[in-house]
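Q: Pasting a structure below so you can have a look.
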Amino acid sequence: MKNSLKGESALFSQPLFFLLILLGIGFIARNESLIIAVIVLLFIKIIGLDSKLFPVLQSKGINWGVTVITIAVLVPIATGEIGFKQLGEALKSYYAWIAIGAGIAVALIAKNGLTLLAEDPHITAALVFGTILAVALFNGVAVGPLIGAGIAYIVMQVVKFFT
């Protein structure tokens, strides 16, 4: 099978080669999240479901990921480790108020990130690459594209304002 756009065989395509490089980086950096993500994508690609699953993963994956992260954050409430008493005690600390402000800021920044990711695909490539670097080399967490896009959006608006 030939890729009609690139003249490459399906088995040795540029995306497959790129994923294998990322898998190697994941192993070198000992980053379990990157390794699992690449293996899942390789498996989907090799079994031929990429044309059906990749669009769904691309369009809904961030929302699914945010949902999973939200579930993980809410587990201590569900288990009873955190209740109204602990919340009341925490709110007496100025650190808690800083955390509340940071949570609000990040949510608003991420909102703008979704807009940028939807409207500007070439920026998405740079953001994803930056996230891959952070995950692979610095043990970062792959929430970077959304927050990164939000930060990029804000900086772009500032640049636009001054130019």
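Counting from 3, one number per residue, gives the positions in the sequence shown under the numbering used here. The C-beta atom is built at its ideal place from N, Cα and C for all residues, glycine as well.
My guess is that L76 and L44 are in contact by the Cβ rule of under 8 Å, so how many angstroms apart are they, rounded?
A: The residue labelled residue 76 in the question sits at position 74 within the sequence shown. The residue labelled residue 44 in the question sits at position 42 within the sequence shown. Rounded, the Cβ-Cβ distance is 32 Å, inconsistent with contact.
Q: Run the CB neighbour count on Y155, radius 10 Å, all protein chains shown included, and call it buried at 16 or more, exposed below.
A: For the purposes of this step, residue 155 is identified with residue 153 of the sequence shown, where counting begins at 1. The residue in question, Y155, is buried, as its Cβ has 16 or more Cβ neighbours within 10 Å.
Q: Helix, strand or coil: which one does DSSP assign to D122?
A: Reading the sequence shown from its first residue, position 120 is the one you call residue 122. The answer is coil: DSSP assigns D122 none of H, G, I, E or B.
Q: Figure out for me which residue from G85, V160, V143 and D52 has the closest Cα to the Cα of G67.
A: As a first step, residue 67 is located in the sequence shown; it is residue number 65 there, counting from the start. It is V143.
Q: Go ahead and pull the three-state DSSP assignment for E91.
A: In the sequence shown, residue 91 corresponds to position 89, counting from 1. In this structure, E91 counts as helix in the three-state DSSP scheme.
Q: Are the Cβ atoms of N33 and V137 separated by less than 8 Å?
A: Translated into positions along the sequence shown, residue 33 becomes position 31. Translated into positions along the sequence shown, residue 137 becomes position 135. In this structure, V137 lies closer than 8 Å to N33 by Cβ.
Q: Kindly indicate which three-state DSSP category L51 falls into: helix, strand or coil?
A: Taking the sequence shown and counting its residues from 1, the one referred to as residue 51 is at position 49. In this structure, L51 counts as coil in the three-state DSSP scheme.
Q: For I23, is the classification buried or exposed, using 16 other Cβ atoms within 10 angstroms of its Cβ as the cut-off for buried?
A: Along the sequence shown, one-based indexing puts residue 23 at 21. Looking at its Cβ environment, which holds fewer than 16 other Cβ atoms inside 10 Å, I23 is exposed.
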